[in-house]
Amino acid sequence: MDIRNPIPTNGGDWLARFQEIWKKQVEILQQKFGDTIEEVRMPPHAPTDVPVIFVKKDQIVEVMNFVKTSPEFDYNFLADITATDEESDPRFEVVYQLFSYTNKNRIRFKVRVSEGDEVPTLVSVWTGANWAEREVFDMFGVRFKGHPDLRRILMDVRWQGHPLRKDYPLRGYQLFTEAEPVDPGLLE
Amino acid sequence: MTKIHLPEGYHLEHDPDDLWGDSRIIVNIGPTHPAMHGALRMVAKLNGETIEKSYCEFGYTHRAKEKLGENRTFHNFIVYTDRLNYCSALINNVTYAMSVERLMGIEVPERCVWIRMICCELARVIDHLICIGINAVDLGAFSYFLYGFHQREEAYSLIEKLSGARLTTSYTRIGGLMADAPEGFEKELKAWVKKTREVIDEMDRLLTNNKIWKIRTVGVGVFNKEDCLEYSYSGPNARAAGIDMDLRRDQPCMYYKDVEFDVPVAQNGDVFDRYLVRLEEIKQSLNILSQCADRLKKGPIWAEDKRVRIPEKNVVHNTMEGLIHHFKFFMTGFQVPAGEAYTSFEAANGELGFYIVSKGGSSAHRMRIRGPSVWHFQGLSSMVEGEKIADLVAALGSINIIAGELDR
Numbered sequence: 001m002d003i004r005n006p007i008p009t010n011g012g013d014w015l016a017r018f019q020e021i022w023k024k025q026v027e028i029l030q031q032k033f034g035d036t037i038e039e040v041r042m043p044p045h046a047p048t049d050v051p052v053i054f055v056k057k058d059q060i061v062e063v064m065n066f067v068k069t070s071p072e073f074d075y076n077f078l079a080d081i082t083a084t085d086e087e088s089d090p091r092f093e094v095v096y097q098l099f100s101y102t103n104k105n106r107i108r109f110k111v112r113v114s115e116g117d118e119v120p121t122l123v124s125v126w127t128g129a130n131w132a133e134r135e136v137f138d139m140f141g142v143r144f145k146g147h148p149d150l151r152r153i154l155m156d157v158r159w160q161g162h163p164l165r166k167d168y169p170l171r172g173y174q175l176f177t178e179a180e181p182v183d184p185g186l187l188e
Numbered sequence: 001m002t003k004i005h006l007p008e009g010y011h012l013e014h015d016p017d018d019l020w021g022d023s024r025i026i027v028n029i030g031p032t033h034p035a036m037h038g039a040l041r042m043v044a045k046l047n048g049e050t051i052e053k054s055y056c057e058f059g060y061t062h063r064a065k066e067k068l069g070e071n072r073t074f075h076n077f078i079v080y081t082d083r084l085n086y087c088s089a090l091i092n093n094v095t096y097a098m099s100v101e102r103l104m105g106i107e108v109p110e111r112c113v114w115i116r117m118i119c120c121e122l123a124r125v126i127d128h129l130i131c132i133g134i135n136a137v138d139l140g141a142f143s144y145f146l147y148g149f150h151q152r153e154e155a156y157s158l159i160e161k162l163s164g165a166r167l168t169t170s171y172t173r174i175g176g177l178m179a180d181a182p183e184g185f186e187k188e189l190k191a192w193v194k195k196t197r198e199v200i201d202e203m204d205r206l207l208t209n210n211k212i213w214k215i216r217t218v219g220v221g222v223f224n225k226e227d228c229l230e231y232s233y234s235g236p237n238a239r240a241a242g243i244d245m246d247l248r249r250d251q252p253c254m255y256y257k258d259v260e261f262d263v264p265v266a267q268n269g270d271v272f273d274r275y276l277v278r279l280e281e282i283k284q285s286l287n288i289l290s291q292c293a294d295r296l297k298k299g300p301i302w303a304e305d306k307r308v309r310i311p312e313k314n315v316v317h318n319t320m321e322g323l324i325h326h327f328k329f330f331m332t333g334f335q336v337p338a339g340e341a342y343t344s345f346e347a348a349n350g351e352l353g354f355y356i357v358s359k360g361g362s363s364a365h366r367m368r369i370r371g372p373s374v375w376h377f378q379g380l381s382s383m384v385e386g387e388k389i390a391d392l393v394a395a396l397g398s399i400n401i402i403a404g405e406l407d408r
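Those sequence lines, one after another, are chains A and B.
Quick note on numbering: the working numbering labels position 69 of the first sequence as 69, and the sequence is numbered without any gaps.
Quick note on numbering: the working numbering labels position 385 of the second sequence as 385, and the sequence is numbered without any gaps.
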């Protein structure tokens, strides 16, 4: 018993409702973007709730723009941006959760990125991607190319290291005796 | 922003938009200001009373919940979910339990689901009451807040009967509940629903058409449909701007398919519309609550799954096997099969999501919490640009930022 046997009271009808749509969408993406789509993990064969589509990192903005605007996809709501530390090479996977509030459908995109590499920013597609990407940078140290304001967001600006990396200790406290300074440059 | 029109031929030494002769000041609003609803800060550049530019900061109550999620067992993490949105802790509990159950393929019994739905709607009513009440207090309508506050205390008494705690409930368990609802709970719930309906009507009559309230809220803090989609607004804030989206209806989980309720949608996306949407949602939640109370039947509250079932105390105290089971459960935890799922639910503020990646261990490989407040707070700077500083307080109160969920 795992995610491959969805339970009726929580997403049990998703496969019946969306499987055909997902298959069609993946086909369209593979036709249009070809090699850019690195890998597709499709439920119920893979242990995931919605299809996971791995995209080459340089084309992520193009793909996201396409799935946001084209009528067959219409994934108009950016639910979340986060990352995972896979402790292998490439080290990080940046995860984009999308939702279509018109079709009530969800999908997940992932981008593999090595340590020190940059991912193009999604701020041009969704303005709201700004803070989520800042958080990924803060927590994992993944940098976003073209991001307008890539500062730390939850941790102090003087913080050393990236707390959600697997090699960061659980009690890696850092204490500051002075408050974080106001940056008047941000008000220009 | 107020534009000053100068007579022709008139020449000013300084910038005509600068009302006070280049005396712009930078004001730190928060992190401990009473109007900021928690430890969050806004740094604003003011021209007179008008906010020209601002930026928001948070993270003052960051408790590394996502890191803890990777280092605690799935059972241990339940208590941390209370402290996300502490105004509606029960919704967090339920959503977290659902997301782990989904990864494990566990289905909970009918009575458990109905009680969980009651929990969610009770918490939603409390959250909305506090939001509109505090919003009114910020704008000077203090007695309005007290009307709602009394019913909120009564609701907390109901929650206390369920879980033994008022604020940080930790009521759900993976595959069940901490305890069954007591005898006669439905009756008390129905009496509370009846009383709250009256109180909500009274509150509606007291404030909705009040002239001062309307002047302070209509057309203030406008965030239209396009802005809302750009900034991923969800929940009542998005519905106030005309986005017809409610995950209870659009992505039904539990038994939301079987109950009747309407989704209120407004058009303008200002503070007043957010207030109206929340007020109407309280009424709809009360409808759902009375339907749930009708359909609550006797039965088991635990899923019959040995992996997650916490052994009964008499078994633990009287048998060796029970004691071992108990010890293993709490010391090492149960294992969740490898897989990943993003489980989201319509929390009081919007889409609350848990993205859990499991690699087969007893704690998560990645525990991501998507709190709606982060996305709502992000839009605040552009929402209040060019508005008066007093309107910032109205706008901030109306989008209901909860610092616990913001900082995680």
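In this text, a Cβ means the ideal position worked out from N, Cα and C, and glycines have one as well.
All figures in this text were calculated on a predicted structure; none of them were measured in a lab.
With residue i and residue j assumed to form a contact (beta carbons below 8 Å), what rounded beta-carbon distance in angstroms separates them?
i: A/Glu180; j: A/Asp156; result: 5 Å
i: B/His37; j: B/Ile401; result: 6 Å
i: B/Glu101; j: A/Asn10; result: 7 Å
i: B/Gly235; j: B/Pro372; result: 6 Å
i: A/Lys166; j: A/Glu87; result: 5 Å
i: B/Cys412; j: B/Ile118; result: There is simply no residue 412 of chain B to check, as chain B begins at 1 and stops at 408 in what is shown.
i: B/Trp114; j: B/Arg295; result: 6 Å
i: B/Arg72; j: A/Thr82; result: In fact, because the Cβ distance is near 19 Å, the residues do not count as touching under 8 Å.
Is the beta carbon of residue i sitting closer than 8 Å to the one on residue j?
i: B/Tyr231; j: A/Gln97; result: no
i: A/Pro120; j: A/Lys145; result: yes
i: B/Ala347; j: B/Ile106; result: no
i: B/His376; j: B/Asn237; result: yes
i: B/Thr217; j: B/Asp258; result: no
i: A/Arg106; j: A/Val50; result: yes
i: B/Arg370; j: A/Ala79; result: yes
i: B/Ala155; j: B/Ile126; result: yes
i: B/Thr61; j: B/Gly404; result: yes
i: B/Phe58; j: B/Leu406; result: yes
i: B/Glu70; j: B/Ala266; result: no
i: B/Arg307; j: B/Leu84; result: no
i: A/Thr36; j: A/Lys56; result: yes
i: B/Lys67; j: A/Leu187; result: no
i: B/Ile132; j: B/Tyr275; result: yes
i: A/Arg134; j: A/Arg108; result: no
Within the 8 Å Cβ cut-off, does residue i reach chain B?
i: A/Val182; result: yes
i: A/Gly11; result: yes
i: A/Phe54; result: no
i: A/Thr84; result: yes
i: A/Gly185; result: no
i: A/Leu154; result: yes
i: A/Asp2; result: yes
i: A/Trp22; result: no
i: A/Asn5; result: yes
i: A/Asn19; result: In the sequence under discussion, the amino acid at residue 19 of chain A is Gln, which differs from the Asn named in the question. Judged by the 8 Å Cβ criterion, A/Gln19 is not in contact with chain B.
i: A/Ala16; result: no
i: A/Thr127; result: yes
i: A/Leu78; result: yes
Got a sec: does the ligand FAD put a non-hydrogen atom nearer than 7 Å to the Cβ of residue i?
i: B/Lys194; result: What this structure holds is no ligand at all, so the ligand FAD is not there to describe.
Taking only beta-carbon positions, decide if residue i is within less than 8 Å of chain A.
i: B/Leu352; result: no
i: B/Met1; result: Note that B/Met1 scores a pLDDT of 47, beneath 50, so its modelled location is shaky; the value from the coordinates is reported in the next line. No, because no Cβ of chain A sits closer than 8 Å to the Cβ of B/Met1.
i: B/Val374; result: yes
i: B/Tyr86; result: no
i: B/Tyr171; result: no
i: B/Thr332; result: no
i: B/Leu103; result: yes
Identify which residue in the options has its Cα closest to the Cα of residue i.
i: A/Ala46; options: A/Glu72, A/Leu122 and A/Asn5; result: A/Asn5
i: B/Ile134; options: B/Asp407, B/Ala394, B/Arg408 and B/Gly404; result: B/Ala394
i: A/Lys23; options: A/Ile7, A/Pro44 and A/Arg143; result: A/Pro44
i: B/Asn314; options: B/Lys161, B/Leu323 and B/Met383; result: B/Leu323
i: B/Pro264; options: B/Arg248, B/Tyr255, B/Met254 and B/Cys253; result: B/Arg248
i: B/Val193; options: B/Tyr147, B/Phe329, B/Leu286 and B/Leu279; result: B/Leu286
i: A/Asp138; options: A/Ala129, A/Gln160, A/Thr127 and A/Leu122; result: A/Gln160
i: A/Val182; options: B/Lys359, B/Ile26, B/Ser362 and B/Gly339; result: B/Ile26
### Query
Can you list, in chain order, the stretches of the alpha helix (DSSP H) that have 4 or more residues and sit fully within the region 79-151 of chain B?
89-104 and 110-138
#### Entry: Start-end ranges of the beta strand (DSSP E) lying completely within the region 86-125 of chain A, minimum 3 residues
92-100, 105-113 and 118-120
#### Entry: Runs of alpha helix (DSSP H) wholly within the region 187-252 of chain B (minimum 4 residues, chain order)
211-217, 225-230, 236-239 and 247-250
### Task
Ignoring anything shorter than 4 residues or poking outside the region 314-343 of chain B, list the alpha helix (DSSP H) runs there in chain order.
320-331
### Message
To test your reading of the DSSP string, which unbroken alpha helix (DSSP H) runs of 4 or more residues are found completely within the region 29-87 of chain B?
### Response
65-71 and 78-82
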